[in-house]
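Residue numbers (this note's numbering): 30 to 411.
Glycine residues also receive a C-beta, built at the ideal position from the N, C-alpha and C atoms.
Presented below is the structure to which this report refers.
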């Protein structure tokens, strides 16, 4: 890296201002000097704002996975943070339904797993009990997750940003990490600013919270994204999730809780579900679609999945019509899983001051504060 670049000394450099990077900065800033680099003009423009905004309970993965442990811990921490910092949220509760009697054994197995994972208050419901909660919903059975809810993602990220800045963190938007190397005392992180100017951070530690781009950033340090003697594999494959908005106000008013089917058999996602936002709007989604390597990430919804969403949505709204749906948002999952392969855990890997956060898809939003605390522990700054 060129010696003429201006250099700023910090203790920890964080790459990426999504919800996880901001949480890491907020947790570390009271303890040390933090700088955060974000290539976009503001925070949370990719994964962190293109999702359902759901606070998950920790149902879907094995009890010994980081995804489970950090989700269960993160659920509690996120509600506490939202209360303390005035972030809009609602503890709506979630119904996971069996659409037919054939699905009841899988429903019961998922609830047992949730209980084993430590998700609080799970309760199996008969069709009659479901009808008392949701008179318009028809199913063969369900279980209720009372700790599931929703949060204002942008409000949460704004509160994390403000907390980090209040403790002296330097937040640099429109500054992209373009080089990363080990140096005496830690690392040098080269960045490019909004007008093409270049500089670098001298830092004792680096936290790669670059989300969709985490594998690219990790490769800057010389690690092989496909794995090798020096590092585990961390190459992302992208999986697109589309949403459709329910625009018929009468139908949108029928359900008061989050309603989910059983998850996809390959666990690429939780299945097209009924999401409710803090303004009472209803969204169906997301679906799952693997992208070929190198495909561009287009956040526009081209309306090509309307018929598929119409069929999926009729599990919750039997009289759903094509005109009741409007194309909604599109998000992308940075997956360590491969098409046709088994689901994968979060990758939180520490190597001599470098922390790699890979495959941080759902439940990354719920887990953000727990991930941040875990990272602080890895760096000896808990």
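Bounds of the beta strand (DSSP E) holding residue 35 are 35 to 44. Scanning its chain for C-beta atoms nearer than 6 Å, with the 5 sequence neighbours on each side dropped, one finds around residue 216 the residues 232, 235, in chain order.
Classified as buried, residue 107 has 16 or more neighbouring CB atoms from the shown chains inside 10 Å of its CB.
When beta bridges are read from the DSSP output, residue 380 appears opposite 383. 8 Å or more divides the Cβ of residue 250 from the Cβ of residue 363.
With a contact defined as Cβ atoms closer than 8 Å, residue 353 and residue 301 miss out at about 15 Å. Taking 8 Å as the cut-off, the beta carbon of residue 189 is found no closer than this to the beta carbon of residue 111. Counting C-beta atoms within 10 angstroms of its own C-beta, residue 73 has 16 or more neighbours from the protein chains shown and is therefore classed as buried. Distances from the alpha-carbon of residue 171 to those of 192, 132, 385, 187 put 132 closest. In the same chain as residue 145, and ignoring 5 residues on each side of it, the C-beta atoms closer than 7 Å to its own belong to 92, in chain order. In the structure shown, residue 219 adopts extended strand secondary structure according to DSSP, grouped into three states.
In the displayed model, residue 94 falls within coil according to three-state DSSP, outside both helix and strand. Each residue's CA atom was taken as its position, placing residue 128 and residue 168 some 5 Å apart. At a Cβ-Cβ threshold of 8 Å, residue 199 and residue 218 do not count as neighbours. Annotated three-state conformation of residue 108 is helix, per DSSP. The beta carbon of residue 383 lies closer than 6 Å to those of 235 in the same chain, with the five residues before and after it left out. Residue 174: member of the beta strand (DSSP E) spanning 170 to 174, first to last residue. Between residue 143 and the set 88, 115, 119, the nearest pair of CA atoms involves 88.
Only exposed fits residue 326, as fewer than 16 other CB atoms lie within 10 angstroms of its CB. Its chain contains 172, 173 as the residues whose beta carbon lies nearer than 7 Å to that of residue 152, once the 5 sequence neighbours on both sides are disregarded; these appear in chain order. When the Cα atoms are used, residue 386 and residue 164 turn out to be separated by approximately 43 Å. Here the segment 311 to 321 makes contact with the segment 262 to 279; the two share three or more CB pairs at distances below 8 Å. In the three-state scheme derived from DSSP, where H, G and I count as helix and E and B as strand, residue 362 is classed as strand. Per the C-alpha coordinates, the member of 57, 50, 52 positioned closest to residue 39 is 57.
For residue 302, the uninterrupted beta strand (DSSP E) segment begins and ends at 302 to 305.
Under the DSSP assignment, residue 401 falls in the alpha helix (DSSP H) whose first and last residues are 393 to 407. Distance from the CA atom of residue 207 to the CA atom of residue 395, rounded to whole angstroms, is 29 Å.
By the neighbour-count criterion, in which a residue is buried when 16 or more other Cβ atoms sit within 10 angstroms of its Cβ, residue 244 is buried. Contact between residue 44 and residue 238 holds: CB atoms are separated by about 6 Å, below the 8 Å threshold.
A distance of 8 Å or more separates the beta carbons of residue 70 and residue 359. Residue 282 counts as exposed, since fewer than 16 other beta carbons sit within 10 angstroms of its beta carbon. Under DSSP, residue 123 forms a beta bridge with 174, 287. A check of alpha carbon separations from residue 53 across 138, 134, 401 identifies 401 as the nearest.
Annotated as proximal: residue 123 and residue 177, with beta-carbon spacing under 8 Å. For residue 351, the number of other beta carbons within 10 angstroms of its own is below 16, and it is reported as exposed.
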